[in-house]
Amino acid sequence: MILIDRDEVYEKLTMPRCISLMKEAFAGLARGVNTQIVRTGMRLDNGALAFMPCSLGERGTFGAKIISVYPGNSQDGYPSHQGEVLLFESAHGTPVALADACAITEIRTAAASAAATDLLARPDAHALAMLGSGAQAVTHLEAMLAVRPVCDVYVWSPTPSHAADYAARMAVRYPRLALHLCASPREAAQHADILCTVCRSRDPFLTRDMVQPGAHINAVGTCSPVSREVSSDLVAAARLYVDQVEACRAESGEYLIPLKEGLITESHIQGSIGDVLTDKARGRESMQEITLFDSLGLAMEDVICADDLYREKIRMQAT
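Laid out in structure tokens, this is it:
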């Protein structure tokens, strides 16, 4: 079995490569050649265990991400999410690779947002609001720079010191960017034509009156029916796109709460990103409309990354 550790994932899984993989995975899901079930999980005393399986039909592999979620780990110096992606070949069902799930998740989550942004944001979008300042804020900035000519970044975090530290680090990494610290989500959002919400939040902090016409939003930080970052009125005002319709209807507070409130109907989901890629759904139709990508994270996003890294390692060993 091939082992792909955290350092190798960070080295090999570049953002452009991962964005391309996300588009391949989304399109394959829309065509029915990639299949998966909605994630399953169980509660533990101090956290939870999640299991996310899928099959990559065109690649001839299948696998699963298995991950523990311990929210209190930061107090002890451990990551909140830990796990592995297990990859199998489909000829005999043999396990062939094990890859670090946390590193893959950090990169592929942002790459999925970049795929959606590339399809849905205005071509001239250049001002980014980063609402959150953790690991996903780091990879999401890299991802947005890969698909749009971002020059201004407006940063807000519930913890101001974290926002300041993030802005300082990103200023060193991207010296051409103008980074602006903001005191509130409203201050950050009012300038932006791309917004990434990467806070783990139970209650919404981004509302319709904060967002300018023509903006694109990537809602990333939550994947629970009872938590959300985006308010009901903003969801109702936006064209809503998802990574998978079935997952959205089972897990997304962004969708389920306004649906229960009667502000939207089931038809409010325009389609998946894969549907847009395969021309089954229309993307942005005007420069004034707001588009919203509700990202829950799919098993196939993790497994296709593990598969691609595995294939590269096999090729390198053969030479």
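Those letters in the sequence shown? Residues 20 to 338, per the numbering used here, in order.
Even glycine gets a Cβ: it sits at the ideal position worked out from N, Cα and C.
Values in this document were obtained by computation on a predicted structure and should not be read as measured data.
- To the nearest angstrom, report how far apart T338 and H100 are at their CA atoms. 35 Å
- Query: Out of curiosity, what's the CA-to-CA distance linking V322 and G79?
  - Reply: 12 Å
- Task: Can you give me the Cβ contacts of R291 inside the same chain, cut-off strictly under 8 Å, excluding the 5 residues immediately before and after it?
- Result: Per the sequence presented here, residue 291 reads as Ser, with Arg not at that position. Excluding sequence neighbours, S291 sits near F45, L48, A49, Y260, V261, D262, Q263, V264, A300.
- Which two residues bound the contiguous alpha helix (DSSP H) that contains Y274? 272 to 280
- Query: Run through DSSP, which three-state label would F224 get?
  - Reply: coil
- Query: Between L5 and V254, is the Cβ-Cβ spacing less than 9 Å?
  - Reply: Shown here, the chain extends from 20 to 338; a query on residue 5 therefore has no answer.
- Message: Output needed for V171: all residues of its chain with C-beta closer than 6 Å, excluding positions within five of it in sequence on either side, in chain order.
- Response: In the sequence on display, residue 171 carries Asp and not Val. Once the five neighbours on either side are set aside, the close Cβ partners of D171 are A146, A197.
- Task: Taking E108 and A154 to be in contact with their CB atoms under 8 Å, please state how far apart those CB atoms are, rounded to whole angstroms.
- Result: About 31 Å separates the Cβ atoms of E108 and A154, ruling out a contact at the 8 Å cut-off.
- C-alpha gap between T310 and I86, whole angstroms: 31 Å
- Message: So, with DSSP's three-state summary, where would you put E108?
- Response: Note: E108 maps to strand in three-state DSSP.
- Message: Just to confirm the assignment: which complete beta strand (DSSP E) runs, minimum length 3, are found wholly within the segment 58 to 126?
- Response: 59 to 62, 67 to 75, 80 to 88, 100 to 108, 114 to 119
- Item | Pick from F70, G76, S243 that is closest to V52, judged by C-alpha positions | G76
- Item | Own chain residues within Cβ distance below 6 Å of A144, not counting five before or after | R167, D212, I213
- With distances taken Cα to Cα, identify the nearest neighbour of E308 among L275, A140, D24, M229. A140
- Message: Output needed for G151: all residues of its chain with C-beta closer than 7 Å, excluding positions within five of it in sequence on either side, in chain order.
- Response: S176, T216, V217, C218, G240
- Taking G82 as the reference, give the member of E27, G91, R58 with the closest Cα. R58
- Close Cβ partners of E331 (< 8 Å) along its chain, the five nearest in sequence each way excluded: K31
- Message: Please return the same chain residues whose Cβ sits closer than 8 Å to the Cβ of R20, not counting the five positions on each side in sequence.
- Response: Sequence check: residue 20 is Met here, not Arg. These residues qualify, in order along the chain: P114, V115, A116, L117.
- Task: Measure the alpha-carbon distance for A110 versus R334 and round it to whole angstroms.
- Result: 19 Å
- Query: For the segment 180 to 188 against the segment 222 to 239, are there 3 or more C-beta pairs whose distance is under 8 Å?
  - Reply: no
- Task: Find out if the Cβ-Cβ distance for the pair G130, E320 is shorter than 9 Å.
- Result: Inspection of the sequence shows that residue 130 is occupied by Ala rather than by Gly. For A130 and E320, yes; Cβs fall inside 9 Å.
- Task: Starting from I213, follow its DSSP beta bridges and name the residues at the other end.
- Result: L147, H235
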